[in-house]
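There are 4 protein chains.
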Amino acid sequence: MSLVQLSPRVQELQRRLTEFVENECIPAEAEYQKALGTGEQRWKTVPPVMDRLKTRARELGLWNLFLTREYKEGAGLTNYEYAVLCEIMGRSPAIAPEACNCSAPDTGNMEVFAKYGTAAQKDKWLVPLMEGKIRSAFAMTEPAVASSDATNICTRIEARRGGYAVNGRKWWISGAGHPKCGVFLVMGKTDLSASKYGQQSIVVVPADAPGVTVVRPLTVFGYDDAPHGHCEVVFENVWVPKENLILGEGRGFEVIQGRLGPGRIHHCMRSLGMGERGLELMVERVQSRTTFGRKIVEHGVVLDYIAKSRMELESARMLVLRAADMIDKVGAKNAKKEIAMAKVVVPTIVLGILDRAIQMHGAGGVGQDTPLADFWAGMRTLRIADGPDEVHTRQIAQLEIAEQNARLAAKRSKSGLAAPAKL
Amino acid sequence: MSLVQLSPRVQELQRRLTEFVENECIPAEAEYQKALGTGEQRWKTVPPVMDRLKTRARELGLWNLFLTREYKEGAGLTNYEYAVLCEIMGRSPAIAPEACNCSAPDTGNMEVFAKYGTAAQKDKWLVPLMEGKIRSAFAMTEPAVASSDATNICTRIEARRGGYAVNGRKWWISGAGHPKCGVFLVMGKTDLSASKYGQQSIVVVPADAPGVTVVRPLTVFGYDDAPHGHCEVVFENVWVPKENLILGEGRGFEVIQGRLGPGRIHHCMRSLGMGERGLELMVERVQSRTTFGRKIVEHGVVLDYIAKSRMELESARMLVLRAADMIDKVGAKNAKKEIAMAKVVVPTIVLGILDRAIQMHGAGGVGQDTPLADFWAGMRTLRIADGPDEVHTRQIAQLEIAEQNARLAAKRSKSGLAAPAKL
Amino acid sequence: MSLVQLSPRVQELQRRLTEFVENECIPAEAEYQKALGTGEQRWKTVPPVMDRLKTRARELGLWNLFLTREYKEGAGLTNYEYAVLCEIMGRSPAIAPEACNCSAPDTGNMEVFAKYGTAAQKDKWLVPLMEGKIRSAFAMTEPAVASSDATNICTRIEARRGGYAVNGRKWWISGAGHPKCGVFLVMGKTDLSASKYGQQSIVVVPADAPGVTVVRPLTVFGYDDAPHGHCEVVFENVWVPKENLILGEGRGFEVIQGRLGPGRIHHCMRSLGMGERGLELMVERVQSRTTFGRKIVEHGVVLDYIAKSRMELESARMLVLRAADMIDKVGAKNAKKEIAMAKVVVPTIVLGILDRAIQMHGAGGVGQDTPLADFWAGMRTLRIADGPDEVHTRQIAQLEIAEQNARLAAKRSKSGLAAPAKL
Amino acid sequence: MSLVQLSPRVQELQRRLTEFVENECIPAEAEYQKALGTGEQRWKTVPPVMDRLKTRARELGLWNLFLTREYKEGAGLTNYEYAVLCEIMGRSPAIAPEACNCSAPDTGNMEVFAKYGTAAQKDKWLVPLMEGKIRSAFAMTEPAVASSDATNICTRIEARRGGYAVNGRKWWISGAGHPKCGVFLVMGKTDLSASKYGQQSIVVVPADAPGVTVVRPLTVFGYDDAPHGHCEVVFENVWVPKENLILGEGRGFEVIQGRLGPGRIHHCMRSLGMGERGLELMVERVQSRTTFGRKIVEHGVVLDYIAKSRMELESARMLVLRAADMIDKVGAKNAKKEIAMAKVVVPTIVLGILDRAIQMHGAGGVGQDTPLADFWAGMRTLRIADGPDEVHTRQIAQLEIAEQNARLAAKRSKSGLAAPAKL
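Chains A, B, C and D supply the protein sequences, listed in that same order.
According to the UniProt record's numbering, the first sequence is numbered sequentially starting from 1.
According to the UniProt record's numbering, the second sequence is numbered sequentially starting from 1.
According to the UniProt record's numbering, the third sequence is numbered sequentially starting from 1.
According to the UniProt record's numbering, the fourth sequence is numbered sequentially starting from 1.
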């Protein structure tokens, strides 16, 4: 039961998506993994079941739901409404988001094109992305610098022969391994003499442009996450025409900030879906095994683990939904504290839940027969991706201090009248 | 900004109450403490400032807000709306709730009279309580048994001479020390042969009835919480007439369960108010002192403490407000998991916040010059009062397991159709 | 079983002290508290039982054990040996240390006199302190500045009329309330123009010197800790002769650093004694009460609470004993990281243990019928006293970094030869 | 600096082993991983560098150190001494233990043969194991039952044709994938009618016996841990002669209990070595990168992370060394509480340290360019292997309660005389 009443249309989407995920996506997970196979092969095929599910999702009207009502190309949902649906997709994270064409990093990239793209850029890249014909990657993080401070990014995008020459080494480029990856959004410096936040720009680089090399897949706690993967990519004298620039030179920070707000909420809600599935597996497991003469659920701390997990999921979900609601009402910029709080809280609590679920599964919990260890590894990266917890935590504190100081100053200046506590 | 829009009337109450608390209650705290004095005296006077503030609160329309719209005697608010106001009162917990005639345990007792009382009982006790002329206590906990399982309560309420004779020893009876405490609601066994949950009854015992002895005040950590206090009280052959029985013999559990749901939410919201005040004091302090050449706020973990506190307050508040909203929409009985979660989560996180605020105040934080240590001690009791965390945690887990099992059974029986994830 | 074998003499002291504490001190706690009474009275008497126990401790050879073998006045123990004994006294913290003339702050003050005192200072103050005829206080912390950085201390000690005039306001001066408090060691600035760490000096101020005013007792979570107390003390034009200076002008930091090392270890070991007693009370309690048809010990997390407490006590004790052993072997200065670690770890874990013990006692746990809440409050101050956790934590990290950098540098310079891992 | 002085011989081993690990093993890690290659190949070769290092370790006298002084075949060390060396090997966990022929599960299996083996069994299996010619596996855990309660093990070992027929499915059989794995110790039921702890026996099964099938490698998070691996193994009508029985029918529990005590300490010490290496990487990293204008080490919680890691490593190490010392002095059986405490505490704190180190490395921390994620995954299994934390925690609590009850009973019976607190 939600504090905010969902519209009949969204309730219907919710119902339909739940059925799709539970009855079609989750059951397809094993087949998908098996079809991927082993070795080099894993990077060359998309298991056929994915195309079948994509067709199915389009039939069910579960396609491209992520593009909210401010985009004419989108499904017309609010961020709050999409968040609710996002959680459901998160229950089968390797299958459902892609099947519904709602998977990162494509969603963020499509938002960039929809929000900042020229008509030509939209035709060329937004259209095939929204039709699920190609996939994409966002190339920001670099091995050589602490990329959590994006001013450190040192790839060069230099004006050359009426276009730009791109040179740099990126890593942890999610999606770069996918056989259908057609395009990179690459961040780099166009102007070393500009102010700190005016040096970076973003250009579109076709995946097959000469000079683009996918060097190697990186692993996440041993997982390669094929076929999309997280890759090290080198751009060596890659030339792109001027019209591949997004928004304008020196406007890279503007683009990444516009891109991140809702995306973080989506990550959070998918994470909650993974947490819910972890809790379900735990509840099922502890009732099905017996040690020392009692069901596991009757031992020691097990009820505590379950209750703690439920309390954390509920509080975290409310935090995320409220951030989504604020994006709808006052915009992502004014919701940055709320978004940051959700981004920090959710992965931490879901990691705890998955860890307890693993523990309740014994050795089986760390292996490949449940999704728990895989979920855990993916979730662990979310404490780092888009900025580590520590950076967001600091920002939350600074915003809190600024707000309190402003409130106090107001109180003092206005003859002692206090502002209402923030609710 | 709240997920649920508050009505203009409630916004006005919120504004007015905030001003009252910030500008009249908090500034009166020192005077109130000083007027209480030391020694035996502390139990004999109510500092005059309290009556002044009560008059003020009535003038401002901030009186008896707690009795929600289902009671004709009340202020017509929803539980959600009252919860929002309750937090504001919690910012000055020793003053504001009593000044607004919204302080525990009176509120719960008034609810009992309003919900279950006969017309005569209402005339005799509800009316003076609602006018703030008398105060009251609820006598349940006993030193001899683990009272978190209320079936253990062993005070006897025996039919005698056309009424009841009450015999038993109670302790931690909050409010029993108050000079205006006029009445006890006493829980005890009327029928030892009834089923486990049918043995207990509740009778009204006037505070001046022969045989009632307030033995001693108990301390909470080192605080006596005079003048209301938490007392050990002996009932020795106390006779009350038949009409002092609440609801009926053997219906004690019914009464306490009806009493507790909203009361727990009120405790939670007041606690959040205390947490907010703790965080404010922390933010102010760390900007005002210098060590090792830097403001405290510039050292190590301080921003982390602030951010953590804000994240916890926001998640916990959402949890409580959602529980309040569910009480409004589906009743306290159907919101018992949500109420239990709020009851467990809130004191724990507020204790952490107050602890960090204390730490940032150094030695001053544990003493009497800030409200932090006093708040902490009060908050610590909430992990025990109305059942220790461990009991509620277990209940949450059992409800979770039951819900998941039901969902799974439904899914299996209905040809594989999943229920939507709970939001 | 200890890693280090104790000598027969120490084993005998250990046995005798255990009996004394268990059979004489702990049973006297209630009598002591009762004799203290209420109100102003609490600051004027030392309950007679204390003198009786002091006599007893002297008879048993349990007197002044704290002054280790480097002092000719002492009992000839190592720091390690005294630490072991200190834990036993900590089991009855309000009685046993004072009964054995081993209570803070006297022990630290006696060490100062023994280490830095002139013959005249020793005659005048060390002798009566060691005979338990007077008690003492150490006046450092000030309300006006963040005293965790002792360079902030702003009391003035100015050369005047052949001696010093002391002016300043101190607070949290433990022991200042004691009727037998005969002397203060006061820290303050003698030379504002000296280097940062050369401005402070320490002078001895007799408690009855004109201009010394004990303003008020401060409370620790509501406790006044009478009769010794923690007081606010004003020094107003207090004159002392030149010979009351300790060690020399500008040598205040030298004195406090010499004073603190072993003292912190003593605090830690006493704390472990309190933790052990808390755990014992918890273990006893959970076996003696029944809820929902089972003994408390059979419910949920209770075994987890007990095991966690035992694991924490054992690891923390080893940490403290190792620090004590290092003081013996390489001196307090070279053990500063180990001392700091013990200082941070012990109060934190003992607070957790006491908190769980309180929770297992229900309402009774926060009141005056068990020592738990009182222990907790005392323990809480140790996260602040002698520098808050945050300051020590930072120091530990800085020492760690310096050591690793040194090791790495050595490794690199010495043709790749690694130093052995520190054990 | 250790509480217990190490002998010159052990100090020399410590020095030599440190050099070997730092200068030969750690530098060989990358080569080892590379030589392993990808796909099926990983299970078929042992990278040649391993044989080179084994030769080197023998030359340096660092071979078979694990077999303590009670075994005539061994290196004559105490458990305490070996523990100290074990930590050093743990710094390069995939290389150093195997290079020194001190890697699990071989060490435990060799102990079984040395302790319980017949002369013939020793000749056949102990000798080649101690020469590093073959490796081995211990087959206990089963997918079908909760194996943390070993009475659940349901593999059958039935008398057949003058020997035993083994039938059952095992999983998480570490080492079963190794090309040199020559022998399994298999646990199973010989007598279903015996008492609960008398049904299980252990037999030696040659890896090439007909009916033994290594079904698949299991992954730990995403790691396969080739070439040794953790495999699912099916035993289908595997026949072994009578002389392959260890110790006697129904004595399986005796064997596994004898096997586990020291083995757990070895795991703990190696884990501490991994924790030390993680901390070193963290300390190095935070000094080498810059964000927002400052080195990472100068931001927020970083010093806190480092200090916390050091405090945890020191306390945990003391706990393990004390358990090792108790095994030496009173035997593993009487040290079972201490062993259990070490087993629970160490992996938990090392996981925390590695997690913080990962966080400080950003995306790089979860991948293959540092050992951190790999270490983390291995460490995570230790909270499950040899019994999950929850089982050991419960045992610790039960031992604690029993000890306290015994002490209390003794105190009461012996006219109030208390036993000395355990040190």
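Idealized CB from N, CA, C, for every residue including glycine.
How is residue i classed by DSSP in three states: helix, strand or coil?
i	result
residue 68 of chain D	coil
residue 212 of chain D	strand
residue 297 of chain A	helix
residue 235 of chain C	strand
residue 180 of chain B	coil
residue 409 of chain A	helix
residue 302 of chain B	helix
residue 421 of chain C	At residue 421 of chain C the pLDDT is 47, less than 50, meaning the model places this residue with poor confidence and gives no usable figure here.
Do we get a CB-CB distance below 7 Å when we pair residue i with the residues of chain B?
i	result
residue 303 of chain D	yes
residue 426 of chain C	In the structure as shown, chain C starts at 1 and stops at 423, and residue 426 of chain C therefore has no counterpart that could be examined.
residue 158 of chain C	no
residue 401 of chain A	yes
residue 432 of chain A	In this structure chain A extends from 1 to 423, so residue 432 of chain A is not present and cannot be described.
residue 384 of chain C	yes
residue 390 of chain C	yes
residue 377 of chain C	yes
If we define contact as Cβ-Cβ less than 7 Å, is residue i a contact residue for chain C?
i	result
residue 174 of chain B	no
residue 327 of chain D	no
residue 89 of chain D	no
residue 322 of chain D	yes
Check the DSSP bridge columns for residue i and list the partner residues they point to.
i	result
residue 457 of chain C	Since the first residue of chain C shown is 1 and the last is 423, residue 457 of chain C is not available in this structure.
residue 230 of chain C	C:174, C:218
residue 167 of chain A	A:156
residue 245 of chain B	B:203
residue 240 of chain A	A:164
Is residue i near residue j, with beta carbons less than 7 Å apart?
i	j	result
residue 315 of chain D	residue 271 of chain C	no
residue 176 of chain B	residue 231 of chain B	yes
residue 307 of chain A	residue 397 of chain B	yes
residue 217 of chain C	residue 198 of chain C	no
residue 186 of chain C	residue 203 of chain C	yes
residue 156 of chain A	residue 189 of chain A	yes
Spell out whether any CB of chain D is found under 7 Å from the CB atom of residue i.
i	result
residue 140 of chain C	no
residue 420 of chain C	For residue 420 of chain C, the predicted structure reports a pLDDT of 46, less than 50, and the residue's modelled location is therefore unreliable. The matter cannot be settled from this model.
residue 424 of chain C	The displayed coordinates of chain C run from 1 to 423. Any statement about residue 424 of chain C would go beyond what the structure contains.
Flag residue i as yes if its beta-carbon sits less than 7 Å from any beta-carbon of chain A, otherwise no.
i	result
residue 346 of chain B	no
Taking beta-carbon pairs under 8 Å, can you tell me which members of the region 53-87 of chain D lie near chain F? No chain F appears in this structure, whose protein chains are A, B, C and D.
Residues of the region 284-317 of chain A in Cβ contact with chain C at a cutoff of 7 Å, in chain order, please. Under the 7 Å Cβ criterion, the region 284-317 of chain A contributes 300, 301, 303, 304.
Residues in the region 341-366 of chain C with C-beta within 8 Å of chain D's C-beta atoms, listed in sequence order? From the region 341-366 of chain C, only 341, 344, 345 have a Cβ closer than 8 Å to chain D.
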